[in-house]
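Comments concern the structure below.
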Amino acid sequence: MTTVSRATQPTPDAEPSMPPLRHNRPYLLLMSGRTAQLVGAGVGAFAVPLLAFEVTGSVARAGLVAGIGQVGALLAALPAGVVADRVDRRRLILGAAVAGALLWASVAVAGAAGRLTGAHLAAVLFGSALVTALEGPAESGAIRAVVDGEQLPRALAAVQGRGAVATLASGPLGGLLYGLAHALPVAASAVAHLAVVVCTWFVRVPLGDDAAARGTRGEDGPGTGPVAALREGLRFVWSRRLFRVALVVFPIINLAVNGVLVAVNLDLIRQGVAPVRIALIDTAAGAAMLAGAAVAGRVLDRVRAGALMLATLGWIALCFIAMAALHTYLAFLLLTAAAVLPLAPSNAGIQGYVTAITPQRLQGRLASVLGLSFLLTAPLTPALAGALLAAVGLRPTLWAFAGLLVVAVGALAFARSLRAIGTPDTWHTAVEQ
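According to UniProt numbering, the residues represented by the sequence shown are 1 to 433, in order.
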């Protein structure tokens, strides 16, 4: 069980004093580049199901195309964390961004020429997921390297706000660009990857433990190889009860939540709903998340992070039950926004705690291993949602995913290691018993 020790414990890594976030140039550069990339990725992601349905003519096959893309992220997940902890994170982010730009540019060119196929789109989604899987742990470790422990809650709340801004902007922008030309949203995604290259290029501080990144030493001794480094990361994750629970329960939660969202999106596409109206749901969700992110720091100072996460998941389950019962466009719009309203402070709290208790040299491996809670079901979610939608229709599909979420949240409520997570002032004294 995760408890709070009576004696003050040292932090996992000694940290130099950092400037305030608003004056922290490396942090601002990383955030700016990643925000641009997220907007571009959101614009591209908005167009993907539309393009997939356009080239396949079937919601089931469109879901399969999206699912194939997610297999790349799953295959790269564990190696990505080892790579992020053993190489120069700055170079890794730069290389991944360049690769992503080239991949999405190929879709834009093929689409503009009228030669895009389902196989091409699936291959690019696969490759893009690979490079994103490599970039994610590197960015997580980089943020931790330029932000000290006391700033983590607000820094990660800003990260959640960044995601909300991307969601808010990407929906209407994606709908507008798709209406002008179907290839424009993916072209925007390629350009956004180049923004990451520019911003990261000007980061001139180390983004991790240089010696550990070169593999020149382990925790207490000589250097270790990639396999040994992966085992070290897995041992650390498995030594924490909270992480073990997350790896078991959160894949089910992610399957249920994303299953609802994908099913609604595919059904609206199948009905021929205008892209702008589909984008409006994403816009409403982004606005709600941005509102939540704006108060995340104050909420986390007052509410225990573990209790907040449980309350948030319970609230999402209630919103999805209402969505299945009402089954109208207006319900989808309002209830999606309501469901994600508390998500930013909740995610920031759990991510902040997890980051605070993890040594700097293990940040990449931690991010990749815990990322499996999403990636284990990511390839299955769009394929399953599309298959259920084609077989039984939207309402039974929503009830099935909502019921699965209720069961998973009920199981998570018994996890004492989650309930024990407190406010940020207790994170550096938390120990696993």
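All C-beta atoms in this analysis are idealised placements derived from N, C-alpha and C, irrespective of residue type, glycine included.
- Within its own chain, the residues whose Cβ lies closer than 6 Å to the Cβ of F243, once the five positions on either side in sequence are excluded, are V237, listed in chain order.
- In terms of Cα proximity to E54, the closest of A190, R270 and F374 is R270.
- By alpha-carbon distance to V249, the top candidate from L310, G57 and V191 is L310.
- Using a Cβ-Cβ distance cut-off of 8 Å, the region 311 to 318 and the region 403 to 422 are in contact, since at least three pairs of beta carbons, one from each stretch, lie closer than that value.
- Here the region 63 to 70 does not lie against the region 295 to 307, with fewer than 3 beta-carbon pairs under 8 Å apart.
- Taken atom to atom, the span from the alpha-carbon of S368 to that of R162 is near 21 Å.
- Between Q363 and S140, the beta carbon gap of about 6 Å places them in contact (Cβ cut-off 8 Å).
- In this structure, the beta-carbon distance from V262 to P382 falls below 8 Å.
- In this structure, P379 lies away from L21, with their beta-carbon atoms at least 8 Å apart.
- For V248, the uninterrupted alpha helix (DSSP H) run begins and ends at R241 to R270, by DSSP.
- Counting only unbroken stretches of 4 or more residues, the alpha helix (DSSP H) elements lying wholly within the region 300 to 378 are 305 to 326, 329 to 340, 343 to 356, 363 to 370 and 372 to 375, in sequence order.
- For the 8 Å CB-CB criterion, A41 and R89 do not form a contact.
- With fewer than 16 neighbouring CB atoms inside 10 Å of its own CB, G57 falls in the exposed class.
- It is roughly 38 Å from the alpha-carbon of G179 to the alpha-carbon of L370.
- A residue is called buried once 16 or more other Cβ atoms fall within 10 Å of its Cβ, and F414, having fewer, is exposed.
- Straight-line measurement puts the Cα of L94 at about 14 Å from the Cα of A133.
- CA-to-CA, the gap between L334 and A284 works out to about 8 Å.
- Rounded to whole angstroms, A76 and V227 show a C-alpha spacing of 14 Å.
- In this structure the region 393 to 407 does not touch the region 274 to 281; the number of beta carbon pairs closer than 8 Å is below three.
- Per the C-alpha coordinates, the member of R395, T355 and L255 positioned closest to L326 is R395.
- Scanning the region 142 to 201 for uninterrupted alpha helix (DSSP H) segments of 4 residues or longer gives 152 to 180 and 184 to 201, listed from N- to C-terminal end.
- For a cut-off of 8 Å, the C-beta gap from G306 to P424 is around 12 Å, too long to register as a contact.
- Counting only the Cα atoms, A190 lies some 33 Å from F401.
- According to the DSSP assignment, S58 belongs to no alpha helix (DSSP H), since it is labelled neither H nor E.
- Two segments are said to touch when three or more pairs of C-beta atoms, one from each, lie closer than 8 Å; by this definition the region 185 to 203 touches the region 24 to 38.
- Here A339 is not near A331, since their CB atoms are 8 Å or more apart.
- Sequence-distant partners of V131 (beyond 5 residues in either direction) whose C-beta falls short of 6 Å from its own C-beta, in its chain, are A96, A99 and G100.
- DSSP places I93 within a helical segment (H, G or I) once states are collapsed to three.
- Annotation: the continuous alpha helix (DSSP H) that includes L404 extends over L394 to L412.
- Taking C-beta atoms as the reference points, T312 and L290 fail to come closer than 8 Å.
- Straight through space, the alpha carbons of L92 and A356 are spaced by roughly 23 Å.
- Shortest Cα-Cα distance from H193 to any of A420, A385, I421 and L38 involves L38.
- In the DSSP assignment, T283 falls within the alpha helix (DSSP H) that extends over P275 to A294.
- Annotated as proximal: G286 and T167, with beta-carbon spacing under 8 Å.
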